[in-house]
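S.K.: Here it is, the structure in full.
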Amino acid sequence: MTGDHDRTAGHHDDAYPPEAERTFAALPRAEGRGFAGTWWGRAWLKALEDSALDGAQLKLGRRHARAGAVGAVSVRPGRITAMVQDRDHSRHRTDVLLPQLTGAQWDRFLDLVADRSGHLAALLDRDVPPVLAEDAAAAGIELLPGIGDMESECGCGAWDHCAHSSALCYQVARLLDQDPFVLLLLRGRGERELLAELQARSASRAVGGPEAGVERAGAGVPAAEAYAARDILPPLPAPPPPVDVPGDAPVLGGGTPPAPGVEVAALEFLIRDAAVRAQRLLADALSPWHPDTPPPPALTPGQDAVRLAAGGAGEAVSARLAAGSGRDARGLALAVRAWELGGAAGLAVLEEEWTPDPATLARAAGRLAAAWEDGEARPRLRVSANRWTVAGGEAQLRYGRDGRWWPYRKEGGRWAPAGPASDDPAGALAALSPEA
């Protein structure tokens with residue numbers, strides 16, 4: 006590996022000795038659950054699944070991980086190690102290698118985090134918001150691995166990702182969900198070292214250290230200019246106080262009769278909804294991570310109608326929402342179920358049929374084919390666009406644009422959402438079994 010990464014070494018300031026290693030006890034069996042719940046955990050597994058050449062080895066690796074065959078996991082800069090047990094009880098030492106960031110890359114990353122308090126607050130909260138990864142990528146720092154970044158070394162002698170290294174990667178995804186500092190240690194900095202360096206940089210900025218007067222692109226207005234303009238700029242207003250609960254909606258009934266076409270119950274419902282949304286927006290605006298969080302995409306009128314109906318609109322208001330959004334009562338009920346299971350993404354899977362490009366379709370089909378063990382009865386599936394339907398049955402999997410699988414069941418002649426999305430197609434299909 007060449008370029009901006011170094012697998013074996015990276016610059017460290019002598020004042021902050023590197024954290025040599027962290028060891029995590031063996032994780033329990035993972036039956037009935039996915040291996041990654043966070044977006045960065047799923048990105049880790051996507052790098053593995055996109056890099057591995059043998060889908061059968063990935064399938065066997067998932068089985069090993071689910072069965073608890075991966076022992077204690079050692080994490081150190083550039084390498085993770087564990088002993089993985091085979092079906093025949095033989096044990097293999099397995100290592101997965103990841104390029105470390107260079108000293109220059111770490112300097113850029115630490116400056117990035119030190120300059121934006123929201124990034125630091127998120128890391129301290131064991132979170133990696135997408136905007137932090139995007140800002141890092143814009144500075145030439147890829148925190149998460151890409152295709153080919155994860156190399157394996159295993160005592161079984163395999164030259165590509167084998168079942169043992171795959172099992173280790175699936176278990177590490179669970180560790181990453183719990184603590185993203187595991188990823189940063191793999192990239193070359195332990196938590197204590199990283200936080201000490203961030204503290205030093207923040208202190209340097211506070212007292213006007215060497216970097217305080219250096220203007221960086223996108224870093225805002227220099228402090229000297231802001232202070233010089235203080236007499237000609239009006240003071241910023243004080244932020245409003247937080248509101249613990251939304252206010253009570255007024256009662257509109259009685260008095261002057263409403264204008265034609267105005268339904269009092271519907272108007273009262275909209276007032277209550279506006280109060281709840283205003284309270285949530287204010288709480289978000291007062292949060293320390295708000296400046297670093299991009300606003301969510303605006304909902305379409307059809308999506309907002311479903312959101313309102315999911316908020317307990319009542320029969321009369323729901324009927325108006327259905328009519329106004331071009332749905333019948335049954336269609337709105339299905340849309341509400343999809344929204345409750347997955348928000349706007351879940352609603353899109355219900356209402357949108359799309360055709361994945363050939364590469365995406367082949368990758369999805371490969372994951373589906375590799376999801377069953379050898380000798381297991383595999384359901385016969387008919388493929389239409391992004392929908393896999395069990396032949397002769399009433400079960401269906403829908404493949405979302407985010408690469409997740411959504412279980413559907415036929416109810417009353419219409420396909421209905423039957424559970425939340427899963428990264429594991431076999432797990433999603435298992436949720437449709439009569440016992441589930």
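Its first residue numbered 6, the sequence shown is counted upward by one per residue in this note's numbering.
Beta carbons are placed, not taken as given, at the ideal position from N, Cα and C, and that holds for glycine.
Which one or two residues does DSSP pair with residue 415 in a beta bridge?
M.R.: In DSSP, residue 415 forms a bridge with 420.
S.K.: Taking the beta carbon of residue 152 as the centre, do at least 16 other beta carbons fall within 10 Å, making it buried, or is it exposed?
M.R.: Residue 152 should be labelled exposed.
S.K.: Could you tell me which of 416, 45, 87 sits nearest to residue 336, measuring between CA atoms?
M.R.: It is 416.
S.K.: Looking only at its chain, what residues have a beta carbon closer than 7 Å to the beta carbon of residue 257, apart from the 5 residues adjacent to it on each side?
M.R.: Here the set comprises 269, 272, 273.
S.K.: Does the beta-carbon of residue 140 have 16 or more other beta-carbons within 10 angstroms, so that it is buried, or is it exposed?
M.R.: Result: buried.
S.K.: In angstroms, rounded to a whole number, what distance separates the CA positions of residue 435 and residue 310?
M.R.: Those two C-alpha atoms are separated by around 32 Å.
S.K.: Which runs of the beta strand (DSSP E) fall wholly inside the region 320-382 and span at least 3 residues, in chain order?
M.R.: Complete beta strand (DSSP E) runs here, min 3: none at all.
S.K.: Can you tell me which of 145, 377, 366 puts its alpha carbon nearest to the alpha carbon of residue 392?
M.R.: When each option's Cα is compared against that of residue 392, the closest is 366.
S.K.: Compare the Cα-Cα distances from residue 176 to each of 110, 253, 80 and report the closest residue.
M.R.: Residue 176 has its Cα closest to that of 80, out of 110, 253, 80.
S.K.: What is the rounded straight-line gap between the Cα of residue 373 and the Cα of residue 251?
M.R.: The alpha-carbon atoms of residue 373 and residue 251 are separated by roughly 46 Å.
S.K.: Does the region 320-328 come into contact with the region 401-412, if we say contact requires no fewer than three beta-carbon pairs (one atom in each stretch) closer than 8 Å?
M.R.: With the cut-off at 8 Å, the region 320-328 and the region 401-412 do not touch.
S.K.: Quick check for students: name the residue ranges of the alpha helix (DSSP H) that lie wholly in the region 134-184, counting only runs of 4 or more.
M.R.: If we require 4 residues or more, the alpha helix (DSSP H) runs fully inside the region 134-184 come out as 135-143, 168-183.
S.K.: Does the distance from the C-beta atom of residue 191 to that of residue 85 stay below 8 Å?
M.R.: Yes; because the gap between Cβ atoms is below 8 Å, this pair is in contact.
S.K.: So for residue 97, helix, strand or coil by DSSP?
M.R.: If DSSP states are grouped into helix, strand and coil, residue 97 belongs with the strands.
S.K.: Find out if the Cβ-Cβ distance for the pair residue 49, residue 150 is shorter than 8 Å.
M.R.: Cβ atoms of residue 49 and residue 150: closer than 8 Å.
S.K.: Hey, how far is the Cα of residue 195 from the Cα of residue 147?
M.R.: So the two alpha carbons sit approximately 17 Å from each other.
S.K.: Can you tell me whether residue 30 is buried or exposed, with buried defined as 16 or more other CB within 10 angstroms of its CB?
M.R.: Flag for residue 30 reads exposed.
S.K.: State the Cα-Cα distance for the pair residue 187 and residue 73, rounded to the nearest angstrom.
M.R.: Going from the Cα of residue 187 to the Cα of residue 73 covers about 20 Å.
S.K.: Spatial neighbours of residue 21 within its chain, please: CB distance less than 6 Å, with the 5 preceding and 5 following residues excluded, ordered by chain position.
M.R.: In this predicted model, residue 21 has a pLDDT of only 38, less than 50, meaning its place in the structure is not dependable enough to derive any value.
S.K.: List the endpoints of the continuous beta strand (DSSP E) containing residue 75.
M.R.: Unbroken run through residue 75: none, as it is neither H nor E.
S.K.: Is the beta carbon of residue 69 sitting closer than 8 Å to the one on residue 168?
M.R.: Result yes, Cβ atoms of residue 69 and residue 168 sit closer than 8 Å.
S.K.: Check each candidate in 96, 181, 413 and name the one with the smallest Cα separation from residue 423.
M.R.: The shortest Cα separation from residue 423 among 96, 181, 413 belongs to 413.
S.K.: In chain order, what residues of the same chain have a beta carbon less than 7 Å from the beta carbon of residue 289, not counting five sequence neighbours either side?
M.R.: So the qualifying residues of the chain are 295.
S.K.: Can you give me the C-alpha to C-alpha distance between residue 183 and residue 26, rounded to a whole angstrom?
M.R.: Rounded to whole angstroms, residue 183 to residue 26 spans 17 Å at the Cα level.
S.K.: Just confirm the distance between the C-beta atoms of residue 352 and residue 359, as a whole number of angstroms; I'd bet it's less than 8 Å.
M.R.: With a Cβ gap of about 14 Å, residue 352 and residue 359 do not count as contacting.
S.K.: Relative to the alpha-carbon of residue 110, which residue among 143, 204, 166 has its alpha-carbon at the smallest distance?
M.R.: With distances taken between Cα atoms, residue 110 lies closest to 143.
S.K.: Below 8 Å, how does it come out for the region 123-137 and the region 86-96: are there three or more Cβ pairs, yes or no?
M.R.: Touching, no, given that fewer than three Cβ pairs across the two stretches are closer than 8 Å.
S.K.: Identify which residue in 56, 107, 173, 206 has its Cα closest to the Cα of residue 97.
M.R.: Comparing Cα positions, the closest option is 173.
S.K.: Within the same chain, show all residues whose beta-carbon is closer than 6 Å to that of residue 157, passing over the 5 residues directly before and after it, in chain order.
M.R.: Result list for residue 157: 101, 166, 170, in chain order.
S.K.: Can residue 127 and residue 117 be called in contact, C-beta distance under 8 Å?
M.R.: Result no, Cβ atoms of residue 127 and residue 117 do not sit closer than 8 Å.
S.K.: Classify residue 95: buried if its beta carbon has 16 or more other beta carbons within 10 angstroms, exposed otherwise.
M.R.: Classification of residue 95: exposed, given that the 10 Å Cβ count is below 16.
S.K.: May I ask which residues mark the beginning and end of the alpha helix (DSSP H) holding residue 114?
M.R.: From DSSP, the alpha helix (DSSP H) with residue 114 extends over 108-120.
S.K.: Within 10 Å of its beta-carbon, does residue 78 have 16 or more other beta-carbons around it, so buried, or fewer, so exposed?
M.R.: Buried, by the Cβ-count rule.
S.K.: Alpha carbon to alpha carbon, how far is residue 65 from residue 313? Give it in angstroms, no decimals.
M.R.: Rounded to whole angstroms, residue 313 to residue 65 spans 44 Å at the Cα level.
S.K.: If you draw a straight line from the alpha carbon of residue 57 to that of residue 63, how long is it in whole angstroms?
M.R.: Rounded to the nearest angstrom, the two C-alpha atoms are 8 Å apart.
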